[in-house]
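Colleague: Just passing along the structure, written as structure tokens.
In full-length UniProt numbering, the protein residues as written are 1 to 305.
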């Protein structure tokens, strides 16, 4: 197989822009020349990577899988060259981690600190994003690892053979609200009155879990605010606007200071599992080292409350 590295960079640019003209401009070549290079790549692989009948263009199933390898090869080559030229002070490989916002703030720092305390001195680059974008990044090689809450119903819609995962810990979502002058919850989940709900946007995994609980317990509520971000719900709860179900790891400090209090008993809590995902097609040495350590039990524990 005779591949040119520039073809891999071309293909990565096309995947990012979904446009031959924009990708050609990004790669500083004419569009006809760029198109010929993509066809040369497909000919060398014996695969059709791009569905040209769609606008914007789409990657085929083979193209989506090959994109992971293309980006990995380009990135590893760049890392080696930067290391050889001492442009990063010998730092070596950097693992890019895409994480759900609440995990990026409430879990990732402690987890990385624990790994380093256990002797695994890895360099990381964190991208906090929503789960959909994180899944997209992992699928297309835009990140090395994905940190997310496990969704047992959808299972991220990823093939576990290609995207294996590891259990990192367990936590739960707690119903929280601001406290009154006596330190008691402003709102009562067990009362007869309808409660003001600070809700997750439709389709959000955390929202689906909360909605299932609300149906099971037949809670009377009025939705007064919606967002996809748990930290935004927490901010609204701090203002005394309603009850929000927020991951425990996101409200440690506020609960300790008494700025927020938990409404109701354990029957109102929603269990969550924290998982780390990778793509089996990525061969980055630091990722494989981390995975072996985690499989051996390093830095896998229940997050502190």
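Heads up, the beta-carbon is just placed ideally off N, CA and C, and yes, glycines get one too. Just so you know, these numbers come straight off a predicted model, no measurement behind them.
1. Are the CB atoms of residue 205 and residue 214 nearer to each other than 8 angstroms?
2. Can the beta-carbon of residue 178 be found closer than 8 angstroms to that of residue 189?
3. For the segment 125-145 against the segment 257-273, are there 3 or more C-beta pairs whose distance is under 8 angstroms?
4. Looking at the structure shown, is residue 2 part of a helix, part of a strand, or coil, going by DSSP?
5. By how many angstroms is the C-alpha of residue 256 removed from the C-alpha of residue 262?
6. Judging by CA-CA distance, which residue of 7, 66, 58 is the nearest neighbour of residue 37?
7. Are residue 11 and residue 35 touching if we call contact CB-CB under 8 angstroms?
8. Exposed or buried, residue 86, counting other C-beta atoms within 10 Å across all chains shown (16 or more means buried)?
9. Taking all protein chains shown into account, decide if residue 182 is buried (16 or more other Cβ within 10 angstroms of its Cβ) or exposed.
10. By how many angstroms is the C-alpha of residue 281 removed from the C-alpha of residue 69?
11. Could you give the C-beta distance for residue 118 and residue 271, rounded to a whole number, given that I count them as a contact under 8 angstroms?
12. Please classify residue 146 as buried or exposed, where buried requires at least 16 other C-beta atoms within 10 Å of its C-beta.
Modeller: Taking the coordinates as given:
1. Taking 8 angstroms as the Cβ cut-off, residue 205 and residue 214 do not qualify as a contacting pair.
2. Cβ distance not < 8 angstroms, so residue 178 and residue 189 don't count as in contact.
3. With the rule of 3 Cβ pairs closer than 8 angstroms, the segment 125-145 does not count as touching the segment 257-273.
4. Residue state for residue 2 is assigned as coil, using DSSP reduced to three classes.
5. Answer to the nearest angstrom: the Cα atoms are 11 angstroms apart.
6. When only C-alpha atoms are compared, the closest one is 7.
7. Cβ distance not < 8 angstroms, so residue 11 and residue 35 don't count as in contact.
8. Note that residue 86 scores 46 on pLDDT, short of 50, meaning its location in the model is unreliable; the coordinates nonetheless yield the value given after this. With fewer than 16 other Cβ atoms from the protein chains shown falling within 10 Å of its own Cβ, residue 86 counts as exposed.
9. With fewer than 16 other Cβ atoms within 10 Å, it is exposed.
10. Looking at the two C-alpha atoms, the distance is approximately 7 angstroms.
11. So it is not a contact: roughly 26 angstroms between Cβ atoms.
12. Buried.
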